[in-house]
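Visitor:
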Amino acid sequence: MNASEHKKDQDQGERVDAPDMPDVPADQAQEAMDSLRAEVERLAAERDDAEGRYRRVLADFANYQKRALANEDEARKLGKSGVLESVITTLDHFEQAMNQDPARVDAGKLAQGLKMIHGELVRAITAHGAGAIEPRPGDEFDPQRHLAVARRAAPGVAPGRIVELFQTGYTLGERVLRPAKVVVAPAQDEG
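In terms of the working numbering, the sequence shown is residues 1283 to 1473.
The structure is reproduced here in structure tokens:
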């Protein structure tokens, strides 16, 4: 390239010389262009199809999340209704007991009625997977399941062992809902 040609190229902007192309007949060039256009159209169609599938998957996932939340909410309601239904009968018995004429109520029958109501409540919570934590005197104190509310020596109970159950605890499966409140024998040095 001589200086005048170089100057002309600079005047027309940055231009890169094309590599030498072999002479191709026009009909072959047209065929090649048509083939490339067809390939571009095919790839564009594949891209559009992939984008459509992607959008559908996103929509399906969003719908799945909504259904999962709705199912979780429904399961909570169903769980609550099961517990409430089992407790409502017990409430009915409490109401019947409270509507009795105090002047005509026998203390023994009242105590018997309270034991019956207590039994109904225990059956209701047991039916829903709850269990009682009721350690006996002499049982080992377990801080995961028991709460020491007092210390008291007792004959035949080793130090650090349970002397008395003060209040029943409850579990739901392996989870402690409320630890049992217990009285524990003091260590020997505590006297």
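Built from N, CA and C at the ideal position, the CB exists for glycine as well.
Please read these numbers as outputs of a predicted model, since none were measured by experiment.
Residues in its own chain within less than 7 Å of glutamate 1333 by CB, not counting five upstream and five downstream?
Guide: Excluding sequence neighbours, glutamate 1333 sits near nothing in its chain.
Visitor: Could you give the DSSP three-state label for arginine 1427: helix, strand or coil?
Guide: Here arginine 1427 sits in coil by DSSP.
Visitor: Rounding to the nearest angstrom, what Cα-Cα distance links aspartate 1305 and alanine 1311 in this structure?
Guide: Going from the Cα of aspartate 1305 to the Cα of alanine 1311 covers about 10 Å.
Visitor: For the beta strand (DSSP E) containing arginine 1457, name the first residue and the last one.
Guide: From DSSP, the beta strand (DSSP E) with arginine 1457 extends over 1457 to 1460.
Visitor: Can you round the beta-carbon distance between glutamate 1416 and alanine 1350 to whole angstroms, since I take them to be within the 8 Å contact cut?
Guide: Their Cβ separation, rounded to whole angstroms, is 39 Å, which puts glutamate 1416 and alanine 1350 out of contact at 8 Å.
Visitor: Are histidine 1410 and valine 1365 touching if we call contact CB-CB under 8 Å?
Guide: Yes, they are a contact pair.
Visitor: Below 8 Å, how does it come out for the stretch 1422 to 1441 and the stretch 1381 to 1399: are there three or more Cβ pairs, yes or no?
Guide: The stretch 1422 to 1441, when compared against the stretch 1381 to 1399, does not touch it at the 8 Å Cβ threshold.
Visitor: Would you please state the rounded distance, in angstroms, between the beta carbons of glycine 1442 and alanine 1469? I believe it to be under 8 Å.
Guide: The Cβ separation is near 6 Å, so the contact holds.
Visitor: Would you kindly work out how many angstroms separate the C-alpha atoms of aspartate 1309 and alanine 1344, rounded to a whole number?
Guide: If I take the Cα positions, the gap works out to 52 Å.
Visitor: Are the beta-carbon atoms belonging to alanine 1412 and threonine 1450 less than 8 Å from one another?
Guide: In this structure, threonine 1450 does not lie closer than 8 Å to alanine 1412 by Cβ.
Visitor: What are the boundary residues of the beta strand (DSSP E) that includes glutamine 1470?
Guide: Note, glutamine 1470: premise wrong, no beta strand (DSSP E); not H, not E.
Visitor: In angstroms with no decimal places, state the Cα-to-Cα distance between alanine 1436 and phenylalanine 1376.
Guide: The straight-line gap from Cα to Cα measures roughly 38 Å.
Visitor: By DSSP's criteria, valine 1365 is part of a beta bridge. Which residues make up the other side?
Guide: BP columns for valine 1365 are empty, so no partner.
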